[in-house]
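S.K.: Can you keep this structure in mind? I'll have questions shortly.
Protein chains: 2
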Amino acid sequence: MNPNYYCVIMAGGVGARFWPMSRLKTPKQFIDILGDGLTLIQKTFNRFTQICLPENIFVVTSADYKELVQEQLPQISEQQIILEPSRRNTAPCIAYANYKIKEINPNAIIVVAPSDHVIFREDVFFNIIEIGMKAVEKNDWLLTIGIRPSNPNTGYGYIQYDEDKVYKENSSIYAVKTFTEKPELSMAKKFIESGDFLWNAGIFMWSLKSIEKAFHKYLPEVDQLFKQGQGFYNTPGEKEIINKIYEVCKNISIDFGIMEKAQNVRVFAADFGWSDLGTWGSLYNIRSKDENQNAIVGKRVKTYNTNNCIVNMPKDKIVILEGLDNYIVVENDGVLLICQKDNEQLIRQYVTDVQVDFGDKFI
Amino acid sequence: MNPNYYCVIMAGGVGARFWPMSRLKTPKQFIDILGDGLTLIQKTFNRFTQICLPENIFVVTSADYKELVQEQLPQISEQQIILEPSRRNTAPCIAYANYKIKEINPNAIIVVAPSDHVIFREDVFFNIIEIGMKAVEKNDWLLTIGIRPSNPNTGYGYIQYDEDKVYKENSSIYAVKTFTEKPELSMAKKFIESGDFLWNAGIFMWSLKSIEKAFHKYLPEVDQLFKQGQGFYNTPGEKEIINKIYEVCKNISIDFGIMEKAQNVRVFAADFGWSDLGTWGSLYNIRSKDENQNAIVGKRVKTYNTNNCIVNMPKDKIVILEGLDNYIVVENDGVLLICQKDNEQLIRQYVTDVQVDFGDKFI
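Keeping their order, the protein sequence lines are chains A and B.
Numbering-wise (the numbering used here), the first sequence opens with residue 1 and increments by one.
Numbering-wise (the numbering used here), the second sequence opens with residue 364 and increments by one.
Below, the structure is given as structure tokens:
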């Protein structure tokens, strides 16, 4: 295993669309949402132990989740848990990790990935990461993974690749024409028809040197801020300086801040069975289902005249469902949600309403 | 208050159609099902304290519910709680109470009533009971109350009265032509059209002497059995003899065993706002509703695009309901039921299924 290979797992999200399973105090990445015994972050960590040495895997998360990470990933040291004092989106998160890693290994080759996605064909995934890591070791590239889309999903960003500009050593690595945020359905349909758009999976590979250069050029103010921490990283003084940096650091995504602007971006078109598990509907799609197309977690759920539902119930609870079609039925920690699957975008509103009416305790 | 007036409250039912609120260990009559702070049996008891001396009110129930009765009706003595060792329907229950009361007061005038009905216009009810009690004091009648029907409900038994044979002193007390068990809808519609059918409310008035005579004539084997207990009633030996009697006593209702056969039956046609609260639907009908016609018990239930539902939730539970029309949504003690209101007759089946699959604990 290449000792220069590093992984940064981003685990700071709150997963509000998975409420009430995902909760402020236990977001989605810390839940065994597939019901198979491992939380999403545990699965993600295990996956990257195939790529990097375990001590080279860093987790960036909110300071609130330090204990959760320690509990769920007991094999990593405190040093490997990078705690953000507040949420500032992905660019500051990556900048922070870069400076920490730089003090350990300035020749690092880094893969950055979210903690809460699922990957079905891990062998394909490993192969792509390995090819990608080697490519960014040799080339000054910011390499992102683009998923071959199966439908005009409006929940993802899209990357348009340039078919004519293909990496000679691997016919699936292309130059990028455009990044697009979540499109309208009509636009998404056009993207799919055109054949040269990919879903933006939010998985990046680059050498530390390349990403440093990009920060320097495209987000110099963010870079300058984190540079102030040099000499403090990986020391007892780190926390204090980081608190100061985050107080003034702007909130900006790596896509918007760098990827959409840089000229050396490449995309690796891939197809390894991927889902960002962004919504109950996306979880429903990948779950195994019974003969009535119900995806059920819960040992004592009985359904009658009920179809196409996703059900997550505490394992000891007796649940009788009659006459429901295409619903989300979820209970967790004192909260029950029953909602039509097609209206799952309303869940954010419910979370807000509950917060306003009953307080933070339930969100 | 007439010291000869007695009341027998029948409280042995299990209320299976109200599952999962009504449970084997806490049936419907012991629940505050209207959400107003009093259980149904408490309301029933309080009502009859307007008719009889409190010490003349007896509660007949299963031995399993002795503690519940003592808890909920602390004002009554142990002597007033008549415990049946097993369920044998209403005729044995009444025979047992008769023999107990006989040893205290052979001149008793008795009203027998279920513990789990609701009555909205209590002033009208009191007036009717008072007239009825006076009538059965003077006449050798078995008087039952018939409710003027508002719709062709198939959940009730019907009583056809004889308009030509009316009690001269009260134009609402009639002779009875027929008793009918729960009819088909088409039949129920004909009943309503005919104008001479009433709902059988299961509330009876008679003198102890009249009902004794009726048992002697129409259910002599039941009467003979309970006669064996004479000398033991209201003594420490009662329990032993009663256990023996119930072991061999047949299961039969007072309607089938006596009322449908006796010639001295009279019916008091009444209209005091009555419901037997037999089903969730009947509870829905009488509950107050919000602007979307939802009848909700639960302090933290939020509804969106949800109409015509009956919802009973633990008071601290956060519940979000979206896109439900005409459903029953009930949670109680580890069981959640979601079921279309129009399919509530299936609840009995669910209870059976749960018992088979998960054991008695949940029924």
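Cβ coordinates follow ideal geometry from the N, Cα and C atoms, glycine included.
So, helix, strand or coil for G146/A, using DSSP?
M.R.: By one-based count along the first sequence, residue 146/A stands at place 146. G146/A: strand per DSSP, three-state reduction.
S.K.: Mind pulling the chain A residues with CB within less than 8 Å of G697/B?
M.R.: Within the second sequence, the letter at position 334 stands for residue 697/B. Residues of chain A passing the Cβ test: D316, K317, I318.
S.K.: Report buried or exposed for G37/A, applying the criterion of at least 16 other Cβ atoms within 10 angstroms of its Cβ.
M.R.: Locating residue 37/A in the first sequence gives position 37, counting from the first residue. By the neighbour-count rule (16 or more Cβ atoms within 10 Å), G37/A is not buried but exposed.
S.K.: At 7 Å on the CB atoms, spell out the chain E contacts of L700/B, in chain order.
M.R.: Considering every chain present, this structure includes no chain E. Its protein chains are A and B.
S.K.: Going by CA-CA distance only, name the one from I566/B, G565/B, A551/B that's closest to D559/B.
M.R.: Residue 559/B sits at position 196 when you count from the first residue of the second sequence. Nearest C-alpha to D559/B: A551/B.
S.K.: Hey, would you say F589/B sits closer than 8 Å to Y462/B, going by beta carbons?
M.R.: If you number the second sequence from 1, residue 589/B lands on position 226. If you number the second sequence from 1, residue 462/B lands on position 99. Yes, Cβ-Cβ distance for F589/B and Y462/B is below 8 Å.
S.K.: Does V685/B come out as helix, strand or coil in the three-state DSSP assignment?
M.R.: Mapped onto the second sequence, residue 685/B falls at position 322. The question names Val, yet the displayed sequence has Glu at residue 685/B. E685/B: strand per DSSP, three-state reduction.
S.K.: Hey, quick one: how far does the beta strand (DSSP E) through E694/B stretch, first residue to last?
M.R.: Here residue 694/B corresponds to residue number 331 of the second sequence, with the count starting at 1. Residues 690-695.
S.K.: Would you tell me roughly how many angstroms separate the C-alpha atoms of V297/A and L277/A, rounded to the nearest one?
M.R.: Here residue 297/A corresponds to residue number 297 of the first sequence, with the count starting at 1. Here residue 277/A corresponds to residue number 277 of the first sequence, with the count starting at 1. Cα to Cα, V297/A sits roughly 16 Å from L277/A.
S.K.: Can you tell me which of D360/A, R47/A, S115/A puts its alpha carbon nearest to the alpha carbon of S62/A?
M.R.: Here the question's residue 62/A lines up with position 62 in the first sequence. For the residues D360/A, R47/A, S115/A, the minimum Cα distance to S62/A belongs to S115/A.
S.K.: Residues in the same chain with beta-carbon distance under 6 Å from Q718/B, minus the five sequence neighbours each way, listed in chain order, please.
M.R.: Taking the first residue of the second sequence as position 1, residue 718/B is located at position 355. Here the set comprises I726.
S.K.: On a Cα-Cα basis, can you pick out the residue from N170/A, A95/A, F30/A, P74/A that is closest to A269/A?
M.R.: The residue given as residue 269/A occupies position 269 in the first sequence. Checked all of N170/A, A95/A, F30/A, P74/A; the closest Cα to A269/A is N170/A.
S.K.: How many Å lie between T144/A and N46/A at the Cα?
M.R.: Along the first sequence, read from residue 1 onward, the residue named residue 144/A stands at position 144. Along the first sequence, read from residue 1 onward, the residue named residue 46/A stands at position 46. Cα-Cα distance, rounded: 21 Å.
S.K.: Tell me, please, whether the CB atom of Y437/A is closer than 8 Å to any CB atom in chain B?
M.R.: Nothing about residue 437/A can be reported from this structure: the residues present for chain A run from 1 to 363 only.
S.K.: Along the segment 643-665 of chain B, where does the CB come closer than 7 Å to a CB of chain A? Name the residues.
M.R.: So the list reads R663, K665, given in the order they occur along the chain.
S.K.: What residue does the beta strand (DSSP E) around W643/B start on, and which one ends it?
M.R.: Residue mapping note: residue 643/B aligns to position 280 of the second sequence, counting from 1. Run containing W643/B: none in the beta strand (DSSP E); it sits in the alpha helix (DSSP H), 643-649.
S.K.: For the segment 329-340 of chain A against the segment 685-696 of chain B, are there 3 or more C-beta pairs whose distance is under 8 Å?
M.R.: As far as the Cβ criterion goes, the segment 329-340 of chain A touches the segment 685-696 of chain B, which means the pair count is three or higher.
S.K.: Between Q340/A and chain B, is there a C-beta pair that is closer than 8 Å?
M.R.: Looking up residue 340/A in the first sequence gives position 340. Yes, contact with chain B.
S.K.: For my contact list, A454/B and I615/B are in at a C-beta cut-off of 8 Å; report their separation, rounded to the angstrom.
M.R.: Within the second sequence, the letter at position 91 stands for residue 454/B. Within the second sequence, the letter at position 252 stands for residue 615/B. About 5 Å separates the two Cβ atoms, so the contact holds.
S.K.: Any idea if S282/A is buried or exposed, counting beta-carbon neighbours within 10 angstroms, 16 or more meaning buried?
M.R.: Locating residue 282/A in the first sequence gives position 282, counting from the first residue. Per the 10 Å Cβ criterion, buried.
S.K.: What's the call for H480/B, buried or exposed, on a 16-neighbour Cβ count within 10 Å?
M.R.: As a first step, residue 480/B is located in the second sequence; it is residue number 117 there, counting from the start. It counts as buried.
S.K.: So, does the CB of F18/A fall closer than 8 Å to a CB anywhere in chain B?
M.R.: Residue numbering aside, residue 18/A sits at position 18 when the first sequence is read from its first letter. With 8 Å as the cut-off, F18/A does not count as an interface residue toward chain B.
S.K.: Using 8 Å as the threshold, is the C-beta distance between Y501/B and Q523/B below it?
M.R.: Numbered from its first residue, the second sequence carries residue 501/B at position 138. Numbered from its first residue, the second sequence carries residue 523/B at position 160. A small correction: the amino acid at residue 501/B is Lys; Tyr does not occupy that position in the sequence shown. No, the Cβ-Cβ distance between K501/B and Q523/B is not below 8 Å.
S.K.: What is the DSSP secondary structure of P383/B, counted as helix, strand or coil?
M.R.: To locate residue 383/B, count along the second sequence from 1; it is residue 20. Here P383/B sits in coil by DSSP.
S.K.: Assuming P114/A is part of the beta strand (DSSP E), what are its boundary residues?
M.R.: Within the first sequence, residue 114/A is the residue found at index 114, counting from 1. From DSSP, the beta strand (DSSP E) with P114/A extends over 109-114.
S.K.: Where does the unbroken alpha helix (DSSP H) through G202/A begin, and where does it stop?
M.R.: Counted from its first residue, the first sequence places residue 202/A at position 202. No alpha helix (DSSP H) contains G202/A, which is instead part of the beta strand (DSSP E) from 197-207.
S.K.: With H, G and I counted as helix, E and B as strand and the rest as coil, what does DSSP make of A633/B?
M.R.: Counting from 1 along the second sequence, the entry for residue 633/B is found at position 270. A633/B: strand per DSSP, three-state reduction.
S.K.: So, helix, strand or coil for Y156/A, using DSSP?
M.R.: Against the first sequence, residue 156/A aligns to sequence position 156. Y156/A: coil per DSSP, three-state reduction.
S.K.: Are any of the Cβ atoms in chain B nearer than 8 Å to that of D360/A?
M.R.: Working through the first sequence from its first residue, we reach residue 360/A at position 360. False, the Cβ-Cβ gap to chain B never drops below 8 Å.
S.K.: Comparing C-alpha positions only, which one of S77/A, R348/A, N107/A sits nearest to I211/A?
M.R.: The residue given as residue 211/A occupies position 211 in the first sequence. Nearest C-alpha to I211/A: N107/A.
S.K.: Rounded to whole angstroms, what is the Cα-Cα separation between T49/A and N294/A?
M.R.: Translated into the one-based positions of the first sequence, residue 49/A becomes position 49. Translated into the one-based positions of the first sequence, residue 294/A becomes position 294. C-alpha separation (whole angstroms): 34 Å.
S.K.: Along the chain, which unbroken stretches of the alpha helix (DSSP H) at least 4 residues long are found entirely within the segment 210-234 of chain A?
M.R.: Listed in chain order, the complete alpha helix (DSSP H) runs (minimum 4 residues) inside the segment 210-234 of chain A are 220-227.
S.K.: Indicate whether W569/B and I473/B have their beta-carbon atoms separated by less than 8 Å.
M.R.: As a position in the second sequence, residue 569/B is number 206, starting the count at 1. As a position in the second sequence, residue 473/B is number 110, starting the count at 1. Taking 8 Å as the Cβ cut-off, W569/B and I473/B qualify as a contacting pair.
S.K.: Starting from D716/B, find everything on chain A with Cβ-Cβ shorter than 7 Å and list it in chain order.
M.R.: Taking the second sequence and counting its residues from 1, the one referred to as residue 716/B is at position 353. Under the 7 Å cutoff, chain A gives K302.
S.K.: Closer than 7 Å by beta-carbon distance: list the chain A residues that pair up with G686/B, in chain order.
M.R.: Here residue 686/B corresponds to residue number 323 of the second sequence, with the count starting at 1. Those within 7 Å of G686/B in chain A are C339, Q340, N343.
S.K.: What residue from C7/A, M21/A, P3/A, V14/A has the CA that sits closest to M313/A's CA?
M.R.: As a first step, residue 313/A must be located in the first sequence, where it is residue number 313. Checked all of C7/A, M21/A, P3/A, V14/A; the closest Cα to M313/A is M21/A.
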